[in-house]
Ligand code: NDP
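Numbering (the working numbering), first residue to last: 7 to 248.
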């Protein structure tokens, strides 16, 4: 609904940026967060007019402060939270460092606790909320070098189910979107020869576009999706069907 307040974590690039822009076009009040890339943040805000706040989603204190600033800037409590911030730090398990493991788990999974817990009391009091978590096909299938990432994304699935049960009687839905391979900076980091092999396994014959995930995000946020909760929406060009 027009005017609702949306926060998209990791929204200055890729899927998060496309989602924030789609919300703005639909008349929502939107803010995004980012980790450290100031240049990208300034470019994003300059291009879209959407405010961006530096806020490390892996740190609870930062999320408390970040949400406070966003609520002040947008003039109302958060109605819709998109937990999109994520990183990959690929390494085979026998070579993975504790630092890599922790960074991936904290950025992808702990961030969902951090951001959701900060906005949840207000959503429950107001009897409305939407939490949309961006998982991954690789949390459904596993992937070489991604024990941490797959564990975090599969963890987001369980988190979503439990939160959906907790929120159901309070007008709060929680859903997970599991994208396949989407043309963003994250996928550009994959070696080209690997990308050729991956594309060959996608039945529609191409990678996805960030805007295609954004449309799923805005749908799950809408009033029309009020009966959808605890679901996983796969958007992957048919790469993984079940
Ligand atoms: P990008 O790498 O393009 O962008 C990542 C965004 O997240 C940036 O805005 C970045 O900020 C921000 N970010 C990273 N760490 C943090 C943090 N600790 N706190 C706040 N913001 C942070 O990512 P994508 O758009 O490709 O991916 C978005 C989500 O979709 C991720 O969760 C990813 O796992 C998931 N996904 C992506 C797929 C793909 O093919 N691209 C496939 C399946 C899932 P900064 O610019 O400052 O670094």
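Cβ coordinates follow ideal geometry from the N, Cα and C atoms, glycine included. Model, not experiment: these values are computed from the prediction.
> Cβ of residue 68 within 7 Å of Cβ of residue 91?
Replying inline: no
>> Applying the 10 Å Cβ sphere with the 16-neighbour rule, what's the burial state of residue 206?
In response: exposed
>> Taking 6 Å as the cut-off, is the beta-carbon of residue 41 closer than that to any non-hydrogen atom of the ligand NDP?
In response: yes
> Is the segment 159-168 touching the segment 213-220, taking contact as three or more C-beta pairs under 8 Å?
Replying inline: no
> Secondary structure at residue 238, three-state DSSP: helix, strand or coil?
Replying inline: strand
> Counting Cβ pairs closer than 8 Å, one from the segment 231-244 and one from the segment 30-44, do we hit at least three?
Replying inline: no
> Taking one C-beta from the segment 72-91 and one from the segment 10-28 each time, how about it: are there three or more such pairs within less than 8 Å?
Replying inline: yes
> With respect to the beta strand (DSSP E) encompassing residue 48, which residues constitute its N-terminal and C-terminal limits?
Replying inline: Run containing residue 48: none in the beta strand (DSSP E); it sits in the alpha helix (DSSP H), 44-54.
>> If I follow the unbroken beta strand (DSSP E) through residue 60, where does it start and stop?
In response: 58-60
> Is there at least one non-hydrogen atom of the ligand NDP closer than 6 Å to the beta-carbon of residue 70?
Replying inline: no
> Under three-state DSSP, which class holds residue 11?
Replying inline: strand
> CB residue 145 to CB residue 176, shorter than 7 Å?
Replying inline: no
>> Taking only three categories from DSSP, how would you classify residue 93?
In response: coil
>> Using C-beta distances below 6 Å, list every residue in its chain close to residue 128, excluding the 5 sequence neighbours before and after it, in chain order.
In response: 83
> Who does residue 207 pair with in a DSSP beta bridge?
Replying inline: Answer by DSSP bridge pairing: none, since residue 207 is not bridged.
>> Assuming the contact rule is C-beta atoms closer than 8 Å, residue 154 and residue 110 should be a hit. Round their C-beta distance to whole Å, please.
In response: 4 Å
> Using the C-alpha atoms, what's the distance from residue 179 back to residue 131?
Replying inline: 14 Å
>> When you measure from the CB of residue 21 to every non-hydrogen atom of the ligand NDP, does any distance come out below 6 Å?
In response: yes
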